[in-house]
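Everything below concerns the one structure shown next.
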Amino acid sequence: MSPEKRIKILIAKPGLDGHDRGAKVLARSLMEAGFDVIYTGIRQTPEKIVKAAIQEDVDVVGLSVLSGAHMYHFKEVIKLLKKYGASDKLVIGGGIIPEKDKKKLEKIGVAAVFGPGTNIKKIVEFIKNKVKRN
Amino acid sequence: MSIYKKKYERWYKEKVLKNPIPEKSEFYTSSGIKVKTVYVPSDVKGKYFDKIGFPGEYPFTRGIHPTMYRSRLWTIREFSGLGDAFMTNKRLKYLIEHGETGLSIAFDYPTLLGIDSDDPLARGEVGKAGVAISTLEDMKTMLDGINLADISTSMTINGPAAIIWGFYIVTAEINGVSPSSLRGTIQNDILKEYMAQKSFIFPPEPSLKLVIDTFEYGSKYLPQWNPISISGYHIREAGATAVQELAFTLANGLTYVEEAVKRGLDVDDFAPRLSFFFDSSMDFFEEIAKFRAARRIWSKEMKRRFKPKKERSLWLRFHTQTSGVSLTAQQPENNIIRTTIEALAAVLGGTQSLHTNSYDEAYGLPTEKAAMIALRTQEIIAYESNVINAVDPLGGSYYLEWLTDQMEEKVYEYFDKIESMGGVLESIKKGFFQKEIAESAYRLQKEIEEGKRVLVGVNKYVIKEEPEIKVLKIPEYVETRQIRRVKEYKKNRDMSKVESSLNKLRAKANEENLMPYIIDAIKNKATLGEIVNALKEVWGEYVEPIII
């Protein structure tokens, strides 16, 4: 792997909600920031997302949920990543997520949860710091 | 050159350009319309009686009723729905007790997509973003103890709207209330689902057929019901500007009317029951101009294209919701102020009903306290501010009239564009709306990141320590309880009756008005998911092109 290889990110929308504004704006902003970005589209199951993450060999999985079903879907994704031996991928999340849930999610292996109003630069910095290439 | 223009230019040269404190920058509305320093009579083109006139008279710029809130206040309609039918029943009764005058039901995602609570696809989502309704029993429980002859009910449901409406109609019948006395609205605006919100199920053509079925059925049996709420709200919240919201919504509305007329319906039989739903966001004057322009454009286009005989067919009646996207997670109490400004714009724009958001909605569904403040916001505007005293009190403001004209002009530019692409359906397939909305959303985000657009508490006047706020949580047992209820419902019925009613539905899907077949299936205890799946077998499912 050449050191110049760009960081690859999967932006995914697990579950049934169609609020894709945040996911799409973020996907586009991360592209502009120099990452390779794949956007899954809406209504993805955790199974499909994890398979795509492995197939595409991404470094980061970004999950967006605005339906209140984040606890279920995030947990499923983390569980399946473990099951398929892909726990090394950085999982981040966003959406309408209460503070208490953020802490719970961070405990089970979500690296960070970014709520409404987050400056995208902060997300870019976070990813660059966490995904170090050798 | 008019005297006003001449004098304006003189004033601009002598006063503005030589002002020791120069103007800070150029000023734009949130849709990007450039705003001058001040407006004078010559900025308002055309004749007063053609364009502005009186409330309750064509072109209805000033309102659809001659006396507006002097005769009847807008309906205070707070959107609510949470957990299962039991929890929502309790919340609805709470709101009625505290002065709400119309119900407005939010459904959870499985219900919005026609998926039963016990379906594996519903895992984790049951009751989270609204109430779970899979069966007739769920609907009966949700409405238990509420007199459906007395209250109007708005239901935010689109893909499976006809079926949820069927549940409501059958529930009313069981309670001894005849369909003809039912009042309310189903959102049922499928076109905007392909543009924004994305709770579509079937492909556009059969979906549109089902919508027209409800128009036809409603005009015969539920003459007081609005079979559609043509919605700009979701288009706006997905990122569109006020101009795009208005243009796309009205284009959708005209498409429905065209389809219904093509079916052979008399425009005067259904047009008076069409209703609209707009967003009210933070650009105060632009929002008011949008509402006024909406009424004018709709009445003009209805008259020109469909030549109705009834004046009511020209009315654009609308519900407004304050903007959810404008609320911030940072310093959430500030959202009470934002919502107040937005609500005031809706009232000054002549809305027929209003939902005010709760300050905690950037975190989750509203708590009881937050929902109460939202309700009180409307009551304070209605009873303390005296803004209701005169009809269209801002009409005649040179700025507002000019801005209303600007909105109208820009909407017609979009109409031309959509028409040149072959109409709304074709433009959806080409991804035109989706691209326009995504582009606006991205531009807006950039402006916020660059500080060009100020959001107090987000990119200016930020505080380090955010206060913790109380958040409503739907307990996990709700999903388990709801799944059990649906499974039990499915056990206690005659399957041969369910099957035969679904078979009839499949057979008639493309041929007849489906409402009677849907109601028959419901009475035979078919569930929401079963009815939707039967139609999926005939019509297939829609998969959207991915556009970033």
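From first to last, the protein sequence lines are chains S and G.
Okay, so the first sequence: first residue is 1468 according to the numbering used here, each after it adds one.
Okay, so the second sequence: first residue is 782 according to the numbering used here, each after it adds one.
Note that the Cβ used here is the ideal one computed from N, Cα and C, for glycine as well.
Everything numeric in this text was worked out from a predicted model, so none of it was measured.
Checklist entry - What did DSSP end up calling Lys1241 (chain G) once you bin it into helix, strand or coil? => result One-based indexing of the second sequence puts residue 1241 (chain G) at position 460. Residue state, collapsed to three classes: strand.
Item to check | Neighbourhood of Leu798 (chain G) by C-beta, 7 Å cutoff - its chain only, sequence neighbours within 5 removed | outcome: The sequence position of residue 798 (chain G) within the second sequence is 17, counting from 1. Cβ neighbours of Leu798 (chain G) beyond the five flanking positions: none.
Checklist entry - Between Asp919 (chain G) and Ala913 (chain G), what straight-line distance do the alpha-carbon atoms span, to the nearest angstrom? => result Residue numbering aside, residue 919 (chain G) sits at position 138 when the second sequence is read from its first letter. Residue numbering aside, residue 913 (chain G) sits at position 132 when the second sequence is read from its first letter. Each residue's Cα considered, the two are about 8 Å apart.
Item to check | Sequence-distant residues of the same chain with beta carbon closer than 6 Å to Tyr1071 (chain G), five excluded per side | outcome: In the second sequence, residue 1071 (chain G) corresponds to position 290, counting from 1. According to the sequence shown, residue 1071 (chain G) is Lys rather than Tyr. Its chain contains Ala1023, Leu1027, Met1188 as the residues whose beta carbon lies nearer than 6 Å to that of Lys1071 (chain G), once the 5 sequence neighbours on both sides are disregarded; these appear in chain order.
Item to check | Where Gln1133 (chain G) falls, given that 16 or more other Cβ within 10 Å makes a residue buried | outcome: Indexing the second sequence from 1 puts residue 1133 (chain G) at position 352. Under this definition Gln1133 (chain G) is a buried residue.
Checklist entry - For a contact meaning CB atoms closer than 7 Å, what does Val1239 (chain G) contact in chain S? => result As a first step, residue 1239 (chain G) must be located in the second sequence, where it is residue number 458. Gly1584, listed in chain order.
Item to check | Three-state class that DSSP yields for Tyr1539 (chain S) in the structure shown | outcome: On the first sequence, position 72 is the one that residue 1539 (chain S) refers to. DSSP places Tyr1539 (chain S) in helix when its eight states are reduced to three.
Next on the checklist: Taking a contact to mean a Cβ-Cβ separation below 9 Å, would you say Phe1051 (chain G) touches Glu997 (chain G) in this structure?
Outcome noted: The residue given as residue 1051 (chain G) occupies position 270 in the second sequence. The residue given as residue 997 (chain G) occupies position 216 in the second sequence. Yes, the pair counts as a contact, with Cβ atoms nearer than the cut-off.
Checklist entry - When the cut-off is 9 Å and only beta carbons count, does Gln1187 (chain G) lie next to chain S? => result As a first step, residue 1187 (chain G) must be located in the second sequence, where it is residue number 406. So, not an interface residue.
Checklist entry - When DSSP labels each residue in this structure, what does Phe1099 (chain G) get in the three-state scheme? => result In the second sequence, counting from the first residue as 1, residue 1099 (chain G) sits at position 318. DSSP places Phe1099 (chain G) in strand when its eight states are reduced to three.
Item to check | Secondary structure of Phe1196 (chain G), DSSP reduced to three states | outcome: Here residue 1196 (chain G) refers to the residue found at position 415 when the second sequence is read from its first residue. Residue state, collapsed to three classes: helix.
Item to check | Buried/exposed call for Met1468 (chain S), threshold 16 Cβ in 10 Å | outcome: On the first sequence, position 1 is the one that residue 1468 (chain S) refers to. With a pLDDT of 46 at Met1468 (chain S), under the threshold of 50, the predicted position of this residue should be treated as unreliable, and no value is reported.
Checklist entry - If we ignore side chains and look at the alpha-carbon of each, how far apart do Phe983 (chain G) and Leu1286 (chain G) end up? => result Sequence index remark: in the second sequence, residue 983 (chain G) carries index 202 (1-based). Sequence index remark: in the second sequence, residue 1286 (chain G) carries index 505 (1-based). Going by the C-alpha atoms only, they are around 15 Å apart.
Checklist entry - Whose C-alpha, out of S:Gly1561, S:Asn1586, S:Ile1474, is nearest the C-alpha of Val1577 (chain S)? => result Against the first sequence, residue 1577 (chain S) aligns to sequence position 110. Out of S:Gly1561, S:Asn1586, S:Ile1474, S:Gly1561 has the C-alpha closest to the C-alpha of Val1577 (chain S).
Item to check | Interfacial residues, the stretch 1045-1078 of chain G to chain S, with Cβ spacing under 8 Å | outcome: Of all residues in the stretch 1045-1078 of chain G, none has a Cβ within less than 8 Å of some Cβ in chain S.
Item to check | Cutoff 9 Å: Gly1310 (chain G) Cβ touching any chain S Cβ | outcome: Numbered from 1 along the second sequence, position 529 holds the residue referred to as residue 1310 (chain G). Answer no: the Cβ-Cβ gap between Gly1310 (chain G) and chain S never drops below 9 Å.
Next on the checklist: Can you tell me where the beta strand (DSSP E) holding Gly1529 (chain S) begins and where it ends?
Outcome noted: The residue given as residue 1529 (chain S) occupies position 62 in the first sequence. 1527-1532 is the span of the beta strand (DSSP E), which, as asked, contains Gly1529 (chain S).
Checklist entry - What are the boundary residues of the alpha helix (DSSP H) that includes Ala1290 (chain G)? => result Translated into positions along the second sequence, residue 1290 (chain G) becomes position 509. Looking at the DSSP string, Ala1290 (chain G) is not in any alpha helix (DSSP H), and its letter there is neither H nor E.
Item to check | Endpoints, the beta strand (DSSP E) within which Tyr1506 (chain S) is located | outcome: Translated into positions along the first sequence, residue 1506 (chain S) becomes position 39. The continuous beta strand (DSSP E) containing Tyr1506 (chain S) extends over residues 1503-1506.
Item to check | 7 Å Cβ shell around Pro1174 (chain G) - same chain, five flanking residues per side excluded | outcome: Translated into positions along the second sequence, residue 1174 (chain G) becomes position 393. Excluding its 5 nearest sequence neighbours in each direction, Pro1174 (chain G) has C-beta neighbours in its own chain below 7 Å: Leu1129, Val1168, listed in chain order.
Checklist entry - Closest by CA to Leu1055 (chain G), which one among G:Glu1039, G:Glu1018, G:Leu1097? => result Looking up residue 1055 (chain G) in the second sequence gives position 274. The shortest Cα separation from Leu1055 (chain G) among G:Glu1039, G:Glu1018, G:Leu1097 belongs to G:Leu1097.
Checklist entry - Rounded C-beta distance between Gly880 (chain G) and Leu1156 (chain G)? I'm assuming under 8 Å. => result The count along the second sequence starts at 1 and reaches residue 880 (chain G) at position 99. The count along the second sequence starts at 1 and reaches residue 1156 (chain G) at position 375. Confirmed, Cβ separation roughly 7 Å.
Next on the checklist: Rounding to the nearest angstrom, what Cα-Cα distance links Asp1387 (chain G) and Ala1021 (chain G) in this structure?
Outcome noted: For residue 1387 (chain G) there is no data in the structure shown, the boundaries of chain G being 782 and 1329.
Item to check | Members of the stretch 1484-1495 of chain S near chain G, C-beta cut-off 7 Å | outcome: Using a CB distance below 7 Å, the part of the stretch 1484-1495 of chain S facing chain G consists of Asp1484, Gly1485, Asp1487, Arg1488, Lys1491, Val1492, Ala1494, Arg1495, ordered along the chain.
Item to check | Burial state of Ser806 (chain G) (16 or more Cβ within 10 Å) | outcome: Position 25 of the second sequence, counting from 1, holds the residue named residue 806 (chain G). Of the residues assessed, Ser806 (chain G) falls on the exposed side of the cut-off, its CB having fewer than 16 other CB atoms within 10 angstroms.
Checklist entry - In whole angstroms, what is the alpha-carbon distance linking Leu1547 (chain S) and Ser898 (chain G)? => result Taking the first sequence and counting its residues from 1, one reaches residue 1547 (chain S) at position 80. Taking the second sequence and counting its residues from 1, one reaches residue 898 (chain G) at position 117. Each residue's CA atom was taken as its position, placing Leu1547 (chain S) and Ser898 (chain G) some 23 Å apart.
Next on the checklist: Could you compute how far the alpha carbon of Tyr789 (chain G) sits from the alpha carbon of Lys815 (chain G)?
Outcome noted: By 1-based counting over the second sequence, the position of residue 789 (chain G) is 8. By 1-based counting over the second sequence, the position of residue 815 (chain G) is 34. Tyr789 (chain G) and Lys815 (chain G) have their alpha carbons spaced roughly 17 Å apart.
Checklist entry - Counting only beta-carbon atoms, is Ile1587 (chain S) nearer than 9 Å to chain G? => result In the first sequence, the residue the question calls residue 1587 (chain S) occupies position 120. Interface with chain G (9 Å Cβ-Cβ cutoff): Ile1587 (chain S) is included.
Item to check | Where Ala1151 (chain G) sits in the DSSP three-state scheme | outcome: Taking the first residue of the second sequence as position 1, residue 1151 (chain G) is located at position 370. Helix at Ala1151 (chain G).
Checklist entry - Is the Cβ of Tyr1539 (chain S) closer than 9 Å to any Cβ of chain G? => result Along the first sequence, one-based indexing puts residue 1539 (chain S) at 72. Taking Cβ atoms only, chain G reaches closer than 9 Å to Tyr1539 (chain S), which makes this a yes.
Item to check | Outcome for Gly926 (chain G) when other beta-carbon atoms lying within 10 angstroms are tallied against a minimum of 16 | outcome: Counting from 1 along the second sequence, the entry for residue 926 (chain G) is found at position 145. With fewer than 16 other Cβ atoms within 10 Å, it is exposed.
Checklist entry - Residue range of the alpha helix (DSSP H) that Arg1488 (chain S) falls in? => result Walking along the first sequence from the start, residue 1488 (chain S) turns up at place 21. 1488-1499 is the span of the alpha helix (DSSP H), which, as asked, contains Arg1488 (chain S).
Next on the checklist: Whole angstroms are fine: how far does the CA of Pro840 (chain G) sit from the CA of Phe1502 (chain S)?
Outcome noted: If you number the first sequence from 1, residue 1502 (chain S) lands on position 35. If you number the second sequence from 1, residue 840 (chain G) lands on position 59. Their Cα atoms are separated by approximately 52 Å.
Item to check | Contact under 9 Å by Cβ, Pro985 (chain G) with Leu972 (chain G) | outcome: The residue you call residue 985 (chain G) lines up with position 204 of the second sequence. The residue you call residue 972 (chain G) lines up with position 191 of the second sequence. Their beta carbons are under 9 Å apart, which means Pro985 (chain G) touches Leu972 (chain G) by this criterion.
Checklist entry - DSSP three-state call for Asp1060 (chain G): helix, strand or coil? => result As a working note, residue 1060 (chain G) is residue 279 in the second sequence. If DSSP states are grouped into helix, strand and coil, Asp1060 (chain G) belongs with the strands.
Checklist entry - Counting only beta-carbon atoms, is Gly1535 (chain S) nearer than 9 Å to chain G? => result Residue 1535 (chain S) sits at position 68 when you count from the first residue of the first sequence. Chain G contact via Cβ: present.
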